[in-house]
Amino acid sequence: MIETGIRLEKGIPGSPKVSMTGSLDFFESLEKRLGDNKKLPKWVGELYLEYHRGTLTSMARNKRYNRISEHLYQELEWLWSLAVKECQVEYPGEILKKGWEIICLNQFHDIIPGSSIKKVYEDSKVQYEEILEIGKNLKEQAMKAIADNLDIQEPSIVAFNALGFNRSQVGTIKVEDRLEDVYLEDIPSKGYKVFKIEDLLKAKASTKDESQEADLGVLVSQERMENNFIRLELNDQGYITRLYDKTNDREVFVDGAMGNVFQAFEDKPHNWDAWDINIYYQEKMWEVNGLISVEVLDTSEYKGSLRIKRRYQDSEISQIMTIYHDSPRVDFETEVDWHEKQVLLKTAFPVDVHSDKATYDIQFGNIERPTHGNTSWDAAKFEVCAHKWADLSEGDYGVSLLNNCKYGYDITDRQMRLTLIKSPTAPNEDADREVHYFTYSLYPHKGDLRHSETIKEGYALNQPLSLYEVVTKEGSHELGTIDKASMEFSLISTDQDNIVIETVKQAEYSNDIVFRVYETANSRTKARFSFGYDIVEVVSCDFEERVDYTCLDFDGSTFTDSFQPFEIKTYKVKFA
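If you use our numbering, the sequence shown corresponds to residues 879 to 1454, in order.
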């Protein structure tokens, strides 16, 4: 193509003359030539590619590593920014940069689409596992540095929250020779909180007593799962026949339909096996009904789980279905030993929600797509891309389907489906024939998307709390040499739920800290940001942190700024 361009640039009789430039030069020259030509068409919305829908799912292991790596290295940037400020340690900028370079390298075409040859994925597996191990060690170092700076006098857990909102979560800790579920409550935005282990166990015992007296908590058997929010019933195949929302007095599923049904499809596209899913794939579908066992796992005051195992031809699916005492969310932690070829695997939820459009998570926002096939363009969107969640809502109620490493969805009429495995045979004969690990969740909620916790739940599923245990035995724990930090701390928070604090990192060209945030509800918003330190200067800048647009007014440790719908903003902040 380049050679052809060079020849056309020199001029060939009968052919247009070509000028090879950079993209910016092209668009600037186009703008000059066209000016204010009102006859030019304007395209609004998504340029949907009616092709290569299979690349959202092919080579699932590679996509899982990508998602885990992205979130880990974002968490590292935040943790080390905090550690530098709290503990006067050195920011590992070069190590983080090398990790990001490997992540970005493996997002290249055709690597992340799953449409490369086998050798590529042998290489990427080694690269991902290397940076994940480096990241794990860096994370432990940062948490230790911060914990060592705290005046902790009793055995404790330091819970680190990498997300931009306060959150609570059930966690598992080791007490002597056993594991205990504990409830870690109200950890601050982009911050940490110290919990004494003794207090956590006392709170657990108290919750158990209250549950016995008031019939609260979590109940699990082979036929049902129930908490204060939902009641879930299963049939003899381990599929959900009823999901009742107790809080909203609402049946979540279509009457008579089953949820969390594994569906297997013959997947033989005309061309481009790893790239495509053809619309006719739906003509051959089989439900995965080979139930092996249903087992009640150990339940606690805070959560309850079932393990369900199934067989499909030469493959086996093992799933732990979990509910929690404080949420209507149902988690499906899944392990699949997959040996099929050209079989597409989905999970399906027939939800009783009326809407002609569904909403899907994308980077720094979300997008709506039709749930019908009225036109050829609508019908073409039978498989679409999303990141952490998809939501189907009517006026005052909705259901979200979350995931921690999948990208292919289809929502038609009232059926929500997530694509789990594709297993093509070309160009990689062994694609996806291996053991897969992933978690997806169903989250029924009151109100539409804007009035739900869907966005927070999606982030929480993808980035659980990070726990660091401090054992205060003589000689094993040295207190920091600087002033002891608070037992509860937030680096940054905001007063608006529709403003998401996405990135916290040290600046590339200074010791300032960079914050990247975005608006997610298509609403004009004035947001107040609060920090754990007093501000010396705050500047609005571009993505590359090079152009300083505006110096913003601040008051001590806070400042306020206005957002347009879906606007993304980056700030550089210098602290005292």
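We treat Cβ as the ideally placed atom computed from N, Cα and C, and that holds for glycine.
Quantities reported herein were computed from a predicted structural model and do not represent experimental measurements.
- Here the alpha carbons of N1138 and E1312 stand approximately 22 angstroms from one another.
- One thing to note: T1119 has its Cβ no nearer than 8 angstroms to the Cβ of E1129.
- Taking all protein chains in view, the Cβ of W956 is crowded by 16 or more other Cβ atoms within 10 Å, so the residue is classified as buried.
- Annotation: the continuous alpha helix (DSSP H) that includes T882 extends over I880 to K888.
- Remark: C-beta atoms of F1367 and Y1070 approach each other more closely than 8 angstroms.
- The residue among R1402, F905 and I1370 with its C-alpha nearest the C-alpha of N1044 is I1370.
- Runs of the beta strand (DSSP E) spanning 3 or more residues and lying entirely within the region 1264-1320 occur at 1267-1271, 1275-1281, 1286-1290 and 1293-1299, in chain order.
- Secondary structure of Q1141 (DSSP, three-state): strand.
- Residue L1028 holds the alpha-carbon nearest to the alpha-carbon of C965 among P1305, H1250 and L1028.
- Close CB contacts of A1304 within its chain, under the 6 angstroms cut and outside five residues either way in sequence, are with D1151 (chain order).
- Closest in alpha carbon position to S1002, among K1052, N944 and R885, is N944.
- DSSP places H949 in the helix class (H, G or I) of the three-state scheme.
- A contact is defined here as three or more CB-CB pairs under 8 angstroms, and the region 1038-1057 fails this definition with respect to the region 1157-1168.
- At the C-beta level, R1247 and K1259 come within 8 angstroms of one another.
- Buried is the label assigned to L1223, since at least 16 other Cβ atoms lie within 10 Å of its Cβ.
- In the structure shown, the three-state DSSP call for M1021 is helix.
- The Cβ-Cβ distance between G977 and Y951 falls below 8 angstroms.
- With a cut-off of 8 angstroms on Cβ pairs, the region 1048-1057 is not in contact with the region 1398-1418, counting fewer than three such pairs.
- Taking K1452 as the centre and dropping the five residues before and after it, the same chain places the C-beta of D1390, V1414 and E1415 closer than 6 angstroms to its C-beta, in chain order.
- Within the DSSP bridge table, the entry for G1069 names N1039 and S1368 as partners.
- Counting along the chain, the unbroken beta strand (DSSP E) around E1397 starts and ends at I1391 to E1397.
- The C-alpha of A1236 is placed about 20 angstroms away from the C-alpha of T935.
- DSSP lists T1200 and S1319 as the bridge partner or partners of D1209.
- Remark: C-beta atoms of P1302 and G932 approach each other more closely than 8 angstroms.
- DSSP links T1085 through a beta bridge to no other residue.
- In this structure, DSSP gives Q1047 an extended state, which the three-state scheme calls strand.
- With respect to the 8 angstroms criterion, N1340 and N1282 are classified as neighbours on the basis of their beta carbons.
- Taking each of E1397, M937 and I990 in turn and checking the Cα distance to W1216, the smallest one comes out for M937.
- Here N1027 carries a coil assignment [DSSP, helix/strand/coil].
- When secondary structure is reduced to three states using DSSP, F1444 falls in the coil class, being assigned neither helix nor strand.
- For L1343, the closest of W958, D1064 and K963 by C-alpha to C-alpha distance is D1064.
- As the crow flies, the alpha-carbon of G1049 is around 28 angstroms from that of Q1241.
- In its chain, beyond the 5 residues on either side, V1072 have a beta carbon closer than 6 angstroms to the beta carbon of M1365.
- The DSSP-derived three-state label of L1343 is coil.
- Between A1020 and W958, the C-beta gap is smaller than 8 angstroms, which places the two residues in contact.
- Per the Cβ contact rule, the region 1200-1212 is in contact with the region 1181-1190 (3 or more Cβ pairs under 8 angstroms).
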